[in-house]
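Residue numbers (this note's numbering): 15 to 892. Backbone N, C-alpha and C fix where the C-beta goes; we use that ideal spot for every residue, glycine too. Note that the coordinates shown come from a computational prediction; the quantities given were computed from them, not determined experimentally.
What follows is the structure, given as structure tokens:
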């Protein structure tokens, strides 16, 4: 939209706002709270904090939480004709109490203080993490719940009207008296579809969001008043409310007839003005953008509405930019200075006095609301999903010469229930899901350039035709599930629901079928946008010292590309003992509904081989810098990959390596084994990796307890590799190598559920090979009481048995866990079939101290090696 056009929209909206009343009134007017008693109360004294705590965890709204306010005590016998407690409800953070009056109408009491620790894992109970989560309830404004109604009324959005009260210590509360008596909270109408009395707002019918979703999936006869919902969403932006997920709404049908639409009823506004402040939260916000801060400048709407993005995409899909501009202009006009002042004055006087700058902040946000609304619009429709219903729908897609695409959906010969024109500057892709029913879809029109369109049929007999032409090419539209289809699966993702019911419900609004991956069907995955995540780690090892790792991984996501469309990762490691580095680059490209993918890795490393004492199983344990190796190795390996299960991966491709050994005046320079100095080689390498720990999840990924309390749990990991190098470049003759290592973990169903960890592996080389490709044993990968490359040969065998016994878990600053472990390592190498001497062994026992995850363990082991009595390392060896 041009500036002049937008200005006209604002002007027109201002005129209409002046002459027309809001389309909806706040029908949920509460009866007056005529209480015989009022009390002075402090919302939460525990939120008081000194300078250091405020610097770290924020000022937030601590001054308001600790300020005394005067509020009425709710009279259960007289309010609304008398209230009877009905049931306790709410989610992880908030418990509420529902009441019913004599005519069947319902009310709900919501305590002001939220139990923020409810959203943190129980593993953090009684730790500083739980304390921080509890303290962050101070980021909520204790009086903000009563601010929203004045603004919602001004813009014509149906809503309940909460009032701050104190719940009495009254026998009428019955079984709920213990949990609710004396609490500061709000009382408001509960928009329920009660059978008796007048329904909330004069509605003919009221449903919850889950019922709404079920209805709009089944039939086009159920439509949402999208413009009114967008109006409510604009108020959410203005108020900085980051908790407007799908379950925070109910829906009212106010009129009869085919044109009647479901009107939104926003409720539970306890996150208005939410503001996470302080140094700790500034850092956390980089990882969790939804930890927004309230100020004159708006937060990114994608962060503010993180738990409602798919909800918005689905229900606002029919509104184009012109409607968004018009609604934003209307909200700016209707939420006048007088409305803002009225809203602020609805709070208790004690809060009003401490919220002096709040009025100016809201006005500043109002001034930039149209720009922020445009940003949200552009975020939502960069890639657009359009959903038909389970009835027999008819979809028409028309490509225009200007590059725009118009989509219409109707049932039979009825007028279209969905119509929207998309422009190339706003939308980079359109996906139309037809879902159930015998659907018809057609794509027509000619254009030089046009928005990519994908049509997905769904179950039923689908007739999908593409006669469009783009850039001279016919049939450019991607058509999926055409013809008679019966195997499209829709099902709840139970794992996602267990992780977060709120997030799972939001995702359910993007009604995508399960996707083909790993030879089966899996729940739909993220399919748009990009993400960047840090790579941070640390490992230790005999001869390596401490090896910290840092890096970045960037992921892009696409239609039915699992688990992503592409991945690029860069990592840097440094060994304190070798004083060398390793830089790695890795790339992965995935394809639609395909288990095959393209891989590439490249790295340069100075820590692959750090020492060399010659070949043989009886090599003397000679130490000192004389046996150190200064080496740099470059590697490049493109490959074709096959992901035949989430936990299994096969890849094969060429490998190119160049190794430079620059050690002088030491053992290796005197012996000059094959491969010394510089050595270039090229060959073919295949790998097979299996790791069921990624399926088990949790601590199982670190080799500790998973599963139930009474059953043994077995999981494992295996890595196999084979390579062949012909006589090219510096290789004088061809050679081949195979190697493998397998680990299993058995959780024993006794006492603290100890884990028996077993590992076995080996390597065999055929032909003459460079020294750095030798079958080494030593270090944490095989024989931990020895150096990494303690023994070298053309073949190796090794094995480990380790028992890990958790002893105690207790809260400290963080949740600590302490355990005992004992191990036995055995291994030997062969050269030309000979392996003089006995098996090389190492044994020991010790303890670990860890925080949360076993990967953070500090292990202290006492071994039978007289030269290395004590080993200290991080994490388990395998």
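Quiz item: What are the start and end residues of each continuous beta strand (DSSP E) run of 3 or more residues lying completely inside the segment 49 to 85, in chain order?
Solution: 52 to 56
Exercise. Give the single residue among 359, 524, 821, 651 whose Cα lies nearest to the Cα of residue 764.
Key: 821
Exercise. To the nearest angstrom, report how far apart residue 916 and residue 887 are at their CA atoms.
Key: As displayed, the chain neither begins before 15 nor continues past 892, which places residue 916 out of reach and without an answer.
Quiz prompt | Beta-carbon contacts of residue 723 that lie in its chain and below 7 angstroms, excluding the five residues immediately before and after | solution = Note that residue 723 scores 44 on pLDDT, short of 50, meaning its location in the model is unreliable and no value can be drawn from it.
Practice problem: Could you spell out where the beta strand (DSSP E) holding residue 682 opens and where it closes? | Solution: It is not in any beta strand (DSSP E) - residue 682 instead sits in the alpha helix (DSSP H) that spans 681 to 685.
Quiz item: If residue 292 sits next to residue 71, beta carbons under 8 angstroms apart, how far is it from one beta carbon to the other, in whole angstroms?
Solution: 4 angstroms
Self-check item: Same chain only: Cβ atoms within 7 angstroms of residue 248, ignoring 5 sequence neighbours per side
Solution: 341, 342, 345, 383, 387
Quiz item: Does the segment 161 to 181 touch the segment 196 to 207, meaning 3 or more C-beta pairs lie closer than 8 angstroms?
Solution: yes
Quiz item: Run through DSSP, which three-state label would residue 293 get?
Solution: helix
Practice problem: Within its chain, find whatever has a CB closer than 6 angstroms to the CB of residue 800; leave out the 5 residues flanking it on each side and keep chain order. | Solution: 792
Quiz item: For residue 534, is the classification buried or exposed, using 16 other Cβ atoms within 10 angstroms of its Cβ as the cut-off for buried?
Solution: exposed
Quiz item: If you run the structure through DSSP and keep just helix, strand and coil, what is residue 723?
Solution: Confidence in residue 723 is poor, its pLDDT being 44 and thus under 50, which makes the residue's placement unreliable; the coordinate value appears in the next sentence. Residue state, collapsed to three classes: coil.
Exercise. Can you have a look at residue 513 and say buried or exposed, based on whether 16 or more other CB atoms are within 10 angstroms of its CB?
Key: exposed
Practice problem: Consult DSSP for residue 204 and reduce its assignment to one of helix, strand or coil. | Solution: coil
Quiz item: If we ignore side chains and look at the alpha-carbon of each, how far apart do residue 641 and residue 704 end up?
Solution: 36 angstroms
Quiz prompt | Buried or exposed (CB count within 10 angstroms, at least 16 for buried), residue 168 | solution = buried
Practice problem: Could you tell me the boundaries of the alpha helix (DSSP H) in which residue 611 lies? | Solution: It is not in any alpha helix (DSSP H) - residue 611 instead sits in the beta strand (DSSP E) that spans 610 to 619.
Self-check item: Stretch pair the segment 418 to 426 + the segment 252 to 261: three plus CB contacts closer than 8 angstroms
Solution: no
Exercise. Answer with buried or exposed for residue 66, where buried requires no fewer than 16 other C-beta atoms within 10 angstroms of its C-beta.
Key: exposed
Quiz item: With a CB to CB cut of under 7 angstroms and the five nearest residues on each side skipped, what residues in its chain are close to residue 312?
Solution: 251, 379, 382, 386
Quiz item: For residue 588, which of 701, 624, 607 has the nearest alpha-carbon?
Solution: 624
Quiz prompt | beta strand (DSSP E) runs wholly inside the segment 651 to 696, at least 3 long, in chain order | solution = 662 to 675
Exercise. Determine contact between the segment 878 to 886 and the segment 834 to 848, defined as no fewer than three beta-carbon pairs at a distance below 8 angstroms.
Key: no
Exercise. List the residues that DSSP assigns as beta-bridge partners of residue 581.
Key: 569, 602
Quiz item: Who are the near neighbours of residue 864 in its chain, counting only those whose CB is closer than 6 angstroms to its CB and skipping five residues on each side?
Solution: 831, 870, 871
Self-check item: Through-space distance from residue 548 to residue 566, alpha-carbon basis
Solution: 5 angstroms
Quiz item: In chain order, what residues of the same chain lie with their CB nearer than 6 angstroms to the CB of residue 186, ignoring the 5 residues before and after it?
Solution: 90
Quiz item: Buried or exposed: residue 635, going by 16 or more other Cβ atoms within 10 Å of its Cβ?
Solution: exposed
Quiz item: Which partner residues of residue 104 appear in the DSSP bridge assignment?
Solution: 109
Practice problem: Please say whether residue 543 and residue 502 have beta carbons closer to each other than 8 angstroms? | Solution: no
Quiz item: Excluding the five sequence neighbours on either side, which residues of its own chain have a C-beta within less than 7 angstroms of the C-beta of residue 354, listed in chain order?
Solution: 373, 376, 377
Exercise. Return the CA-CA distance between residue 866 and residue 761, expressed in angstroms with no decimal places.
Key: 18 angstroms
Quiz item: Does DSSP put residue 981 in a helix, in a strand, or in coil?
Solution: Nothing about residue 981 can be reported from this structure: the residues present for the chain run from 15 to 892 only.
Self-check item: Element boundaries [beta strand (DSSP E), containing residue 532]
Solution: Per DSSP, residue 532 belongs to no beta strand (DSSP E) and is neither H nor E.
Practice problem: Jot down the residue ranges of each uninterrupted beta strand (DSSP E) in the segment 221 to 297, minimum 3 residues, whole runs only, in chain order. | Solution: 263 to 267, 276 to 280
Quiz item: Rounded to a whole number of angstroms, what is the C-alpha to C-alpha distance between residue 317 and residue 218?
Solution: 35 angstroms
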